[in-house]
Structure formats: C-alpha cells, structure tokens
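FYI, numbering that gives the first Met the number 0 numbers position 11 of the sequence shown as 10, with every residue one higher than the one before it.
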Amino acid sequence: MNTYKQKLSLLAEMIAFAIVDGKLHDREYQFLSIVAQELKVTKEDFKNLFHQELIAIPIKSEQQRIQQFYRLALLMHCDGVLHEKEEIAIKQMGVNMGLNPFAIKRILKAMEESPNGMIAPEVLIEIFREQLN
Numbered sequence: 000m001n002t003y004k005q006k007l008s009l010l011a012e013m014i015a016f017a018i019v020d021g022k023l024h025d026r027e028y029q030f031l032s033i034v035a036q037e038l039k040v041t042k043e044d045f046k047n048l049f050h051q052e053l054i055a056i057p058i059k060s061e062q063q064r065i066q067q068f069y070r071l072a073l074l075m076h077c078d079g080v081l082h083e084k085e086e087i088a089i090k091q092m093g094v095n096m097g098l099n100p101f102a103i104k105r106i107l108k109a110m111e112e113s114p115n116g117m118i119a120p121e122v123l124i125e126i127f128r129e130q131l132n
C-alpha cells in the first residue's frame, strides 16, 4: 500500500461493503478496526470514514487487488451470516477490481467450505494464477 490516502480508500470500500446488508455487526466493526490498525490508520480517521462518501482510488497492483478482495471476503464471513446482497456485491467488486470472475467464484466457494472461513495465502494466489493459464 503506497499512501495513507489509498489506505483510507481501502477501508472506506470495506466499510461500504460491510453495511451492504443494512447493518454493521459488532464482529464486522472489530474486523475493520483490526485492518485499520494493520494499515496504521489513526482511530480518528477510521471513525470519520463511517461518515464520509466512498472515494475509490484504483489499486494498480494485482497482488494488492487480490489481497483487498480477500479482506472483503473475510469481512463477509466474519459475522457468521452470508447475505445474498453481500455475495452479489463482492462478486461485482471483484470484477470491478479487474479480477477473474472464475477465480472469484472458486475463492468464495473454498472459503464457504473451509471450517473457519479462511484459506491459505498460497491457495488464494494459486487459484488466481490458474485462471491466467
């Protein structure tokens, strides 16, 4: 991640996704808070993102787009409830990021089948690499 502004954009995108089902669950807020800490975003800026419009800054690196997609997928699963709106939104967001739709479906299916809703980073990257061939 290059700039602080890009980090804020990523978090804003995640916040918008978190409320696509109509509410922000405690677990989703906690997850977002952890991501904000990892990105070294101040608590004040993090809280302000909940009251601002989404200003999307495109992610240039494919690896960073994949990482952001995975963060969104983790966020989708963290409340334990998979809403149809979330599934539709995450697929559209992945396509908008320029990610392969078949890889997106495989990632979401693998996460759904995983006992903890997570997949290994190597598996994540491999699924996207397979789609390039």
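Note that CB positions come from ideal geometry on N, CA and C, so glycine has one too.
Secondary structure of D78 (DSSP, three-state): coil.
In this chain, the alpha helix (DSSP H) harbouring N95 covers 83-95. Annotation for M117: no alpha helix (DSSP H) segment contains it, and DSSP assigns it neither H nor E. Look at V40 here: in three-state DSSP terms it is coil, with no helix or strand label.
Annotation for K90: P100, I103, K104, L107 place their beta carbon closer than 8 Å to its own, counting only its chain and skipping 5 residues before and after.
Per the coordinates, the alpha-carbon of F49 lies some 11 Å from the alpha-carbon of L31.
The three-state secondary structure of D20, taken from DSSP, is coil.
Non-local C-beta neighbours of C77 in its own chain, meaning closer than 7 Å and more than five positions away in sequence, comprise R26, E27, F30, ordered along the chain.
Rounded to whole angstroms, the separation of the alpha carbons of D44 and L71 is 20 Å. Taking every protein chain shown into account, the CB of Q51 has fewer than 16 other CB atoms within 10 angstroms, so this residue is exposed. Taking a C-beta distance under 8 Å as the contact criterion, E85 and M75 qualify as a contact pair. G21 has its alpha-carbon roughly 30 Å from the corresponding atom of P120. Rounded to whole angstroms, R64 and E112 show a C-alpha spacing of 23 Å.
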